[in-house]
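In UniProt numbering, the protein residues as written are 1 to 1121. Quick reminder that beta carbons are idealized off the backbone N, C-alpha and C, glycines included. These figures come from a predicted structure and were not determined experimentally.
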């Protein structure tokens, strides 16, 4: 058993090692081989003295590391060590110091020289960066030796080298994701130091005891030593007893020497037993103290595992173990502890400081939208370690959609009383909420609370939430805020994030989430990082953070060398400066490092090998870019900078970036043109916040666009002014500016036809001679009270800045041309995105189920069993295939539906099979394989499995929403499969796998029936048609965003986010569309990624530009939006 453990277990983590070991034990049992049932691997394979020596040399005190040290001590094949945290390397360097261990790397020019030297003189060699393995090492790993005249030789390249018998080599890599070739795997013994939850818990506990209770830590170490000595002494006594019995002659009772020896041994054994009993008392005391600090260690371990999963949310969130241990060490040495001696109070302060420091340092490297997610995750960890507070798991499961809420949704919607102040979606959410035991009377309470209609309509609905739950008097403050969050999520989802802030404040205090408001770069550079850790200033596109570093260097009196990365000269300059500055203690600022991701990987390896001056600092600036290597992100302290939002802040930034003399240059009209350009730039950028409402797609509009636009403006104005101090507004090159801005500078990035129309609307409105009229209105009704904002009449930058400063700071979406409810839509979308991310960062470790199914299943398995069985009930068992005939195969509509149904049959079959497998695995009826492991991982995180994504769905859709939508699609297909007349069927267009193909099929059918050409057909729609018509096809499920459709296809702007369109009759004609009609896009989902086709409507008396500015559009599927 021990040999198998040493040979095969090293590659795996602690959990899998235990699973493997139990399997081997069961094989031994089946073969009726006797074995030691109480075998403790670490104690059997190593002595106490060895373990104490390892710990003294920096080996973390936990079982995983002890097992790994045994493998490094007892190997046959040379070890290949996976060491993401660097702990193993530090241990080896101290452990083999007496053997003159040399550290080198496969990337090192002197690698071969170091290898030859170690082989000859018998030194130990530590080789880093095994991911760049050099095959020259193969003979060494294979031990391909030959003996010649008493010499032992080994071939290295083209020469024979003398091999010393004491030679040892250790290969090491910090990248846990590397996949090694099979030939390398067969030559080495893998030893995996990747930290696990239990090993990190033990490390943190030991560190806490060393810092807070050194007396107890010393007692524990002495105990370990004594226990080792006792064990050795007992073994010696056993041997002495056996020897005495062996040497006895005749009868034992007649041999006086044997009797005296036995008496002596008995006395000594009793003495050893007495001392061992005394140590038990001390051990109990040590254990009691350890238990007090265990919750702190568990919190630390859970925080690290949570941080490791944050990269599921964003590629930027990568963290090393060193980062966490630095925070833990800082917390144990916090100045707040200086005047406090009571251990309990100190522990409270340490625990509180740990959560505060983790939030502050981690959130400084996160996007603003994800900071509340981090706070909620930390709160969950806090609740797990708080025995006085329930975990609120049931409420969290409901919030995340883990508790199944999709069964019989239609019945639920119909059974909810119709309340005038709740729409259908709110009514359904209320019905689902009432399924929780605490909310069983929610519906009746809504009807009986007179203030409820007022609350549902108020702006800040997170305050004064009506009590719709039972037993409020028994709840803690956190429990009350949790229930308020559930009510807000159901009935006012736009205030979800604000309610989350209140929940976090109830757990940690109001100041907790205020910590990240100001980033103190000086504090970070001076006190929070060492010379070994770079500071990566990552910012949004177009925002340059390098100015902050240069200002800080001046403030602190430091010499800083700035180098722009991206050119060959920049790389060579950076390499040379890095060597000199790291020795002299200067600062280096490398700008735009995102332009060289491959070079960054090499830089991280160089930094790891450096021994820099304590005052040395390396600062990097980069855009938030997906190609930034994970290794440099883990090695760095990341600080994210995002520009202030709002039209006012954007205008200030743009105007400040322009030189005053440039704006004052004649003609005097130039100043106003600059203002119009800055206003356009602010509009264009600020609408990006509201994507897909502001713009259908995301575009990288940056300050570089503004610079080019201003240069273009100067050139165009100079060509007209020709040195004059004034130019008539009518003579300014308006058409030139409009065309260049529309087609090149801003429009060159736009790839959506309706986004282009929107840009053209802004250009037509702004760049016109009317912009020089007195009191030209920029924004109507800026405060909801009929106040207008007019273009300023200033002729210098200072005048314009004063005007911007006087503008009201509270911005409404209608400033950007959007409806005022756009903010609600934005907040709702962000709230749902936060919940989807919360589901991804699951705190449950996916267990690899062993053969012994007696082990209790983890909670996520129980949830998956319930969900999979519920989903299997919802899904029909199959769909009938359509029968082909000679006639119907010629019908384009039949061919379309046949293809859709065949697609649905295949996908339904695969989804049902997958769910049945998941159900069987989670019930312990079937073993896991790679496929089911991937399925359970995805379903546990609420993500749609990759194999199911065979048609277009919105990005980030949860699996619960996908299943509900898929059931509706399959039911529709079953209806079509049984239909006698496909042409008369009303089609839910967004529920088809290829909705564009349906439009094409109808067009082909009309062209085929009337012998018309496809190119000459134009689409017509008529809303509210219920009867069957020969020349039309009925569509349902369309929603109009930001408008409503009235009689005669006339549309009007409304305050609602969206309105449902009645059944639409679609027909094809050869008549052209009327010139007064407005063309609107029809998108598949609300994310506006997939444009299906366009429809013509009558705008009535409203200008067409109003509809384009408000981003009015039609969506065909609201279920997945």
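Asked                                                                                                                       : Found
Span separating the alpha-carbon of residue 1103 from that of residue 599                                                   : 54 Å
Alpha-carbon to alpha-carbon, residue 531 and residue 583                                                                   : 11 Å
Beta-carbon proximity of residue 161 to residue 126, cut-off 8 Å                                                            : no
Length of the line joining the Cα atoms of residue 567 and residue 423                                                      : 58 Å
Sequence ranges, beta strand (DSSP E) only - wholly within the region 295-347, length at least 3                            : none
Local conformation of residue 547 per DSSP, three classes                                                                   : helix
Nearest neighbour of residue 616, chosen from 650, 578, 651 and 999 [CA to CA]                                              : 578
Terminal residues of the beta strand (DSSP E) in which residue 173 lies                                                     : 168-173
Minimum length 4: unbroken alpha helix (DSSP H) runs contained in the UniProt domain "Dynein heavy chain AAA lid" (671-822) : 703-721, 734-740, 753-766 and 797-806
Whole-angstrom C-beta distance between residue 347 and residue 296, which should lie under 8 Å                              : 7 Å
Secondary structure, alpha helix (DSSP H): runs of 4+ residues fully inside the region 865-927                              : 892-922
First and last residue of the uninterrupted beta strand (DSSP E) at residue 638                                             : 637-641
Cβ contact (3+ pairs, closer than 8 Å) linking the region 44-62 and the region 192-206                                      : yes
Best match in 219, 388 and 349 for proximity to residue 335 [C-alpha to C-alpha]                                            : 349
Residue 1081, DSSP secondary structure in three states                                                                      : strand
Option nearest residue 352 by Cα separation, candidates 394, 385 and 115                                                    : 385
Sub-8 Å separation of residue 154 and residue 139 beta-carbons                                                              : yes
Under the three-state DSSP convention, the category residue 1062 falls into                                                 : coil
Cβ separation of residue 1091 and residue 1083, assumed to be a contact under 8 Å, to the nearest whole Å                   : 6 Å
For residue 181, three-class secondary structure by DSSP                                                                    : coil
Reduced DSSP category for residue 596 - H, G, I as helix; E, B as strand; rest coil                                         : coil
Range covered by the beta strand (DSSP E) that runs through residue 160                                                     : 159-162
Exposure of residue 722, with buried meaning 16 or more beta-carbon neighbours within 10 Å                                  : exposed
Collapsed DSSP secondary structure at residue 395 in the structure displayed                                                : helix
Proximity of residue 820 and residue 812 at Cβ, strictly below 8 Å                                                          : yes
Candidates 27, 901 and 928: closest to residue 914 by CA position                                                           : 928
First through last residue of the alpha helix (DSSP H) which encompasses residue 572                                        : 568-584
For residue 957, three-class secondary structure by DSSP                                                                    : coil
Assigned exposure category for residue 293 - 16 Cβ within 10 Å defines buried                                               : buried
Where the beta strand (DSSP E) containing residue 192 begins and where it ends                                              : 189-192
Residue(s) in a DSSP beta bridge with residue 591                                                                           : 564
Residue 673 versus residue 710 - alpha carbon distance                                                                      : 9 Å
Distance between residue 949 and residue 936 (C-alpha atoms, nearest Å)                                                     : 16 Å
Inter-residue Cα distance where the pair is residue 1123 and residue 878                                                    : The shown model of the chain, from 1 to 1121, leaves out residue 1123, and the question about it has no answer.
Sequence ranges, alpha helix (DSSP H) only - wholly within the region 426-462, length at least 4                            : 442-448 and 452-457
Residue 516 - containing alpha helix (DSSP H), residue span                                                                 : Premise fails: residue 516 is in no alpha helix (DSSP H) and is neither H nor E.
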